[in-house]
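*Asks:*
Number of protein chains: 2
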Amino acid sequence: MISEIDPHGLIAKSLSAYSRIQVFDSEALGRLKARTKTFESGSYVFREGLSSSDYVFVISGYLFRQKQTLDGYRQIVSLIIPGDMINPESRFVNSLDYNVVCAEKSSIIYVQRSEFEELIDSHPSIRLALDLRTIAESRQLREWLLNIGGRSARTRVAHFLNEFAARTRLRGLSDGLRFSLPMSQEQMGDSVGITPVHVNRSIRSLVESGLINHANRKYEIIDLDGFRQAGQFSERFLLVDDLPH
Amino acid sequence: MISEIDPHGLIAKSLSAYSRIQVFDSEALGRLKARTKTFESGSYVFREGLSSSDYVFVISGYLFRQKQTLDGYRQIVSLIIPGDMINPESRFVNSLDYNVVCAEKSSIIYVQRSEFEELIDSHPSIRLALDLRTIAESRQLREWLLNIGGRSARTRVAHFLNEFAARTRLRGLSDGLRFSLPMSQEQMGDSVGITPVHVNRSIRSLVESGLINHANRKYEIIDLDGFRQAGQFSERFLLVDDLPH
DNA sequence: CGTGCAAACTAACTTAAATCAAGTTATGTT
DNA sequence: AACATAACTTGATTTAAGTTAGTTTGCACG
Numbered sequence: 000m001i002s003e004i005d006p007h008g009l010i011a012k013s014l015s016a017y018s019r020i021q022v023f024d025s026e027a028l029g030r031l032k033a034r035t036k037t038f039e040s041g042s043y044v045f046r047e048g049l050s051s052s053d054y055v056f057v058i059s060g061y062l063f064r065q066k067q068t069l070d071g072y073r074q075i076v077s078l079i080i081p082g083d084m085i086n087p088e089s090r091f092v093n094s095l096d097y098n099v100v101c102a103e104k105s106s107i108i109y110v111q112r113s114e115f116e117e118l119i120d121s122h123p124s125i126r127l128a129l130d131l132r133t134i135a136e137s138r139q140l141r142e143w144l145l146n147i148g149g150r151s152a153r154t155r156v157a158h159f160l161n162e163f164a165a166r167t168r169l170r171g172l173s174d175g176l177r178f179s180l181p182m183s184q185e186q187m188g189d190s191v192g193i194t195p196v197h198v199n200r201s202i203r204s205l206v207e208s209g210l211i212n213h214a215n216r217k218y219e220i221i222d223l224d225g226f227r228q229a230g231q232f233s234e235r236f237l238l239v240d241d242l243p244h
Numbered sequence: 000m001i002s003e004i005d006p007h008g009l010i011a012k013s014l015s016a017y018s019r020i021q022v023f024d025s026e027a028l029g030r031l032k033a034r035t036k037t038f039e040s041g042s043y044v045f046r047e048g049l050s051s052s053d054y055v056f057v058i059s060g061y062l063f064r065q066k067q068t069l070d071g072y073r074q075i076v077s078l079i080i081p082g083d084m085i086n087p088e089s090r091f092v093n094s095l096d097y098n099v100v101c102a103e104k105s106s107i108i109y110v111q112r113s114e115f116e117e118l119i120d121s122h123p124s125i126r127l128a129l130d131l132r133t134i135a136e137s138r139q140l141r142e143w144l145l146n147i148g149g150r151s152a153r154t155r156v157a158h159f160l161n162e163f164a165a166r167t168r169l170r171g172l173s174d175g176l177r178f179s180l181p182m183s184q185e186q187m188g189d190s191v192g193i194t195p196v197h198v199n200r201s202i203r204s205l206v207e208s209g210l211i212n213h214a215n216r217k218y219e220i221i222d223l224d225g226f227r228q229a230g231q232f233s234e235r236f237l238l239v240d241d242l243p244h
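Keeping their order, the protein sequence lines are chains A and B.
Numbering-wise, the first sequence is residues 0 to 244 according to numbering that gives the first Met the number 0.
Numbering-wise, the second sequence is residues 0 to 244 according to numbering that gives the first Met the number 0.
1. Identify whether residue 137 of chain A lies in helix, strand or coil by the three-state DSSP scheme.
2. On the DSSP bridge assignment, give the partners of residue 219 of chain A in chain order.
3. Is it the case that the Cβ atoms of residue 240 of chain B and residue 92 of chain A are separated by a distance below 8 angstroms?
4. Rounding to the nearest angstrom, what Cα-Cα distance links residue 50 of chain B and residue 223 of chain B in this structure?
5. Would you please state the rounded distance, in angstroms, between the beta carbons of residue 83 of chain A and residue 183 of chain A? I believe it to be under 8 angstroms.
6. From A:109, A:117 and A:62, pick the residue whose C-alpha is nearest to that of residue 100 of chain A; which is it?
7. Going by beta carbon distance, what residues of the same chain come within less than 6 angstroms of residue 138 of chain B, once the five residues before and after it are set aside?
8. Short check: CB of residue 231 of chain B to CB of residue 154 of chain B, under 8 angstroms?
9. Do you know how far the Cα of residue 213 of chain B is from the Cα of residue 234 of chain A?
10. Between the segment 128–148 of chain B and the segment 130–148 of chain A, do at least 3 Cβ pairs fall closer than 8 angstroms?
11. So residue 124 of chain B and residue 20 of chain B are supposed to be a Cβ contact under 8 angstroms. How far apart are they, rounded?
12. So what does residue 45 of chain B bridge to, in DSSP terms?
13. Using a beta-carbon distance cut-off of less than 7 angstroms, what residues from the segment 82–110 of chain B approach chain A?
14. Please list the residues of the segment 136–170 of chain B that have a C-beta atom closer than 8 angstroms to any C-beta atom in chain A, keeping them in chain order.
15. Taking contact to mean at least 3 C-beta pairs separated by less than 8 angstroms, is the segment 69–89 of chain B in contact with the segment 147–161 of chain A?
16. At a CB-CB cut-off below 7 angstroms, which residues of chain B make contact with residue 230 of chain A?
17. Contact check, residue 45 of chain A vs residue 85 of chain A under 8 angstroms by CB: the rounded distance?
18. With DSSP collapsed to three states, give me the class of residue 194 of chain B.
19. Please report the distance separating the alpha-carbon of residue 55 of chain A from that of residue 78 of chain A.
20. For the alpha helix (DSSP H) holding residue 108 of chain A, just list the boundary residues, first then last.
21. For chain A, is any of its Cβ atoms less than 8 angstroms away from the one on residue 240 of chain B?
22. Who pairs with residue 84 of chain A in a beta bridge, going by DSSP?
23. Taking only three categories from DSSP, how would you classify residue 235 of chain B?
24. Which stretch, first to last residue, makes up the alpha helix (DSSP H) that contains residue 250 of chain A?
25. Since residue 109 of chain A contacts residue 36 of chain A with CB under 8 angstroms, what's their CB separation in whole angstroms?
26. Taking 8 angstroms as the threshold (beta carbon to beta carbon), is residue 225 of chain B in contact with chain A?
27. Using only CA atoms, which one of B:59, B:198, B:199 and B:33 lies nearest to residue 115 of chain B?
28. Determine, for residue 134 of chain B, whether the minimum Cβ-Cβ distance to residues of chain A falls below 8 angstroms.
29. Start and end of the alpha helix (DSSP H) containing residue 22 of chain A?
30. How would you list, in chain order, the residues of chain A whose beta-carbon sits under 7 angstroms from the beta-carbon of residue 130 of chain B?
31. Can you check whether the C-beta of residue 54 of chain B is within less than 8 angstroms of a C-beta belonging to chain A?
32. Can you name, in chain order, every residue of its own chain whose Cβ lies under 7 angstroms from the Cβ of residue 18 of chain B, other than the five neighbours on each side?
33. Using DSSP with H/G/I as helix, E/B as strand and the rest coil, what is residue 77 of chain B?
34. Take residue 189 of chain A and list the residues in its own chain whose beta-carbon comes closer than 7 angstroms to its own, dropping the five residues that flank it on each side.
35. With respect to the alpha helix (DSSP H) encompassing residue 172 of chain B, which residues constitute its N-terminal and C-terminal limits?
36. I believe residue 94 of chain B touches residue 38 of chain B by the beta-carbon criterion, under 8 angstroms. Please report the beta-carbon distance rounded to the nearest angstrom.
So, in structure tokens, the structure goes:
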């Protein structure tokens, strides 16, 4: 099925976090031809090592990038939210070093390599946005490293939840205070390097401290300042300061 | 002090790991004007947040990138070895999200922003090498995340040492079996997220298993296969497979 | 060539998080 | 509505790693 991407859609919005996307840029994005595909929760969009010939974006649903240890431990290395590009390194490299798995039913669009590369070549601000996105991702990875390497379980979980709240707010997907997190406590554990039962205890502790409410997979931040402190969270690392070019 | 970089020097060698650097590319690199500066062990080359106006490369000495937690924990997020660029994201962004500290006395060269950018513009293979280097770094960060998030202390330490051995070998700085590691056990701990006494125990355990010898800061790998297994190490993640452009 | 200091090593003890083992609560299905 | 299944919750126990503290080694410097 071939459809046209909404010209004022998610992707332009997501890129505009990194560089100034003009009307004509986002119109060009809107003219891209794209195949849409739906994936069930738990299914793989990419497998490590396999090459991808198209550029792939998320329209709806949450996914994650994950890697595995030889003895079966799975580490989630980043969350992918609607509007994100799934395989940004495909611009330069053939195969990915991670798997991409759906946290819930998702819809994904495929744009032909050549078509997207023409767009990049003719729209400097889109190229810049992609380059900056790469920087932002490295920052995020370093922040996760600090989170996992240096903080207690409770703090890690709080940091993770803060990050999710901030990212969804910046993308216009939540108000930053109430959100539902589409992943199991086991998956959260695999994101921050602790066991699921400890995730549970950590969440409980945050609730008991009066920082958040939690039921099912819905969260509500009651005391934003306190909750940020509990997670030693600052949203600085989510943003990049565009160089004046 | 102004000097010329050795045209067949480290930097060309380091970039050539990522894309095919031709003679004329490396001659151009050799013509770059560079200020050299020496830093003592423990001194800061960059501080988080401060902007940098030049491109900076390591000629000799080891350094690391590090971040801090509010309550004082320091996480080392990557090692910088001779030939590496210290501030690659300066191509796109004003300020760094990490500190850069010397593990030992190091000599560093500064190349003017405009001069280096002209070089990039006129040498596609150098630009490509830089782009691929960025991908390689993200891979490394994800691998560290997996290492810290999912493995036992002993395995983490073994993985770290394997990585160091492989990286120095690929850069021509060691034979990959005997090397001296210019960092304290405390710094190793801050790299893999454990305490220095546990680093010590882990190293001893690896020695007692007959996998390596160790004295002062010198290491010798006795059983390479066994040592790789102990660290669940594969050097695949250090390399990128250049896309045929 | 001692002296001082930082890093490496070791052991004893403590603790945070993992593991194990039941429950319980949701969610989805015939 | 009853059943099945997966996710969540909770407590008891174990274990890996942290902490504290002391000793030893290596090395820079007067």
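Every residue gets a Cβ at the ideal spot worked out from N, C-alpha and C, and that includes glycine.
*Replies:* This is what the structure holds:
1. In the first sequence, residue 137 of chain A corresponds to position 138, counting from 1. In the structure shown, residue 137 of chain A sits in a helix (DSSP, three-state: H, G or I).
2. For the purposes of this step, residue 219 of chain A is taken as the residue at position 220 of the first sequence. Residue 219 of chain A pairs with A:177 and A:212.
3. Position 241 of the second sequence, counted from the first residue, corresponds to residue 240 of chain B. Position 93 of the first sequence, counted from the first residue, corresponds to residue 92 of chain A. The answer is yes: Cβ separation under 8 angstroms.
4. As a position in the second sequence, residue 50 of chain B is number 51, starting the count at 1. As a position in the second sequence, residue 223 of chain B is number 224, starting the count at 1. In a straight line, the C-alpha of residue 50 of chain B is about 42 angstroms away from that of residue 223 of chain B.
5. As a position in the first sequence, residue 83 of chain A is number 84, starting the count at 1. As a position in the first sequence, residue 183 of chain A is number 184, starting the count at 1. At roughly 21 angstroms, the Cβ-Cβ gap does not stay under 8 angstroms, so residue 83 of chain A and residue 183 of chain A are not in contact.
6. Position 101 of the first sequence holds residue 100 of chain A. Nearest of A:109, A:117 and A:62 to residue 100 of chain A, Cα basis: A:62.
7. In the second sequence, the residue the question calls residue 138 of chain B occupies position 139. Closer than 6 angstroms at the Cβ level, and outside the excluded window around residue 138 of chain B, lie 236.
8. By 1-based counting over the second sequence, the position of residue 231 of chain B is 232. By 1-based counting over the second sequence, the position of residue 154 of chain B is 155. Contact flag set, yes.
9. Along the first sequence, read from residue 1 onward, the residue named residue 234 of chain A stands at position 235. Along the second sequence, read from residue 1 onward, the residue named residue 213 of chain B stands at position 214. Each residue's Cα considered, the two are about 42 angstroms apart.
10. yes
11. Here residue 124 of chain B refers to the residue found at position 125 of the second sequence. Here residue 20 of chain B refers to the residue found at position 21 of the second sequence. Yes, residue 124 of chain B and residue 20 of chain B are in contact; Cβ-Cβ is about 6 angstroms, under 8 angstroms.
12. In the second sequence, residue 45 of chain B corresponds to position 46, counting from 1. DSSP, once it has assigned bridges, lists B:99 as partnering residue 45 of chain B.
13. 88, 91, 92, 93, 94, 96 and 97
14. 136, 137, 138, 140, 141, 142, 143, 144, 145, 147, 148, 149 and 150
15. yes
16. As a position in the first sequence, residue 230 of chain A is number 231, starting the count at 1. Those within 7 angstroms of residue 230 of chain A in chain B number zero; the least Cβ separation is about 10 angstroms.
17. Counting from one through the first sequence, the residue named residue 45 of chain A turns up at place 46. Counting from one through the first sequence, the residue named residue 85 of chain A turns up at place 86. 7 angstroms between Cβ atoms; contact.
18. Within the second sequence, the letter at position 195 stands for residue 194 of chain B. Coil, per DSSP.
19. Taking the first sequence and counting its residues from 1, the one referred to as residue 55 of chain A is at position 56. Taking the first sequence and counting its residues from 1, the one referred to as residue 78 of chain A is at position 79. Residue 55 of chain A and residue 78 of chain A: Cα-Cα distance of roughly 15 angstroms.
20. Along the first sequence, read from residue 1 onward, the residue named residue 108 of chain A stands at position 109. Unbroken run through residue 108 of chain A is the beta strand (DSSP E), 105–111; no alpha helix (DSSP H).
21. By 1-based counting over the second sequence, the position of residue 240 of chain B is 241. Chain A contact via Cβ: present.
22. On the first sequence, position 85 is the one that residue 84 of chain A refers to. A:56, per the DSSP bridge assignment.
23. Residue numbering aside, residue 235 of chain B sits at position 236 when the second sequence is read from its first letter. Residue 235 of chain B: helix per DSSP, three-state reduction.
24. As shown, chain A starts at 0 and ends at 244. That puts residue 250 of chain A outside it, with no answer to give.
25. For the purposes of this step, residue 109 of chain A is taken as residue 110 along the first sequence, with counting starting at 1. For the purposes of this step, residue 36 of chain A is taken as residue 37 along the first sequence, with counting starting at 1. That pair is a contact at about 7 angstroms.
26. Position 226 of the second sequence, counting from 1, holds the residue named residue 225 of chain B. Output row for residue 225 of chain B: interface = no.
27. In the second sequence, the residue the question calls residue 115 of chain B occupies position 116. The residue with the shortest Cα to Cα distance from residue 115 of chain B is B:33.
28. Translated into positions along the second sequence, residue 134 of chain B becomes position 135. It does; some Cβ of chain A falls within 8 angstroms.
29. The residue you call residue 22 of chain A lines up with position 23 of the first sequence. Note, residue 22 of chain A: alpha helix (DSSP H), 22–30.
30. Working through the second sequence from its first residue, we reach residue 130 of chain B at position 131. Result: 91.
31. To locate residue 54 of chain B, count along the second sequence from 1; it is residue 55. Answer no: the Cβ-Cβ gap between residue 54 of chain B and chain A never drops below 8 angstroms.
32. Start at 1 with the first residue of the second sequence, and residue 18 of chain B comes out as number 19. Answer for residue 18 of chain B: 124, 127, 128, 131 and 241, listed in chain order.
33. Walking along the second sequence from the start, residue 77 of chain B turns up at place 78. Looking at residue 77 of chain B - three-state DSSP - the assignment turns out to be strand.
34. Walking along the first sequence from the start, residue 189 of chain A turns up at place 190. Correct list, in chain order: 73, 74 and 75.
35. If you number the second sequence from 1, residue 172 of chain B lands on position 173. Looking at the DSSP string, residue 172 of chain B is not in any alpha helix (DSSP H), and its letter there is neither H nor E.
36. Position 95 of the second sequence, counted from the start, is the residue given in the question as residue 94 of chain B. Position 39 of the second sequence, counted from the start, is the residue given in the question as residue 38 of chain B. Actually they do not touch by this definition, with Cβ atoms about 20 angstroms apart.
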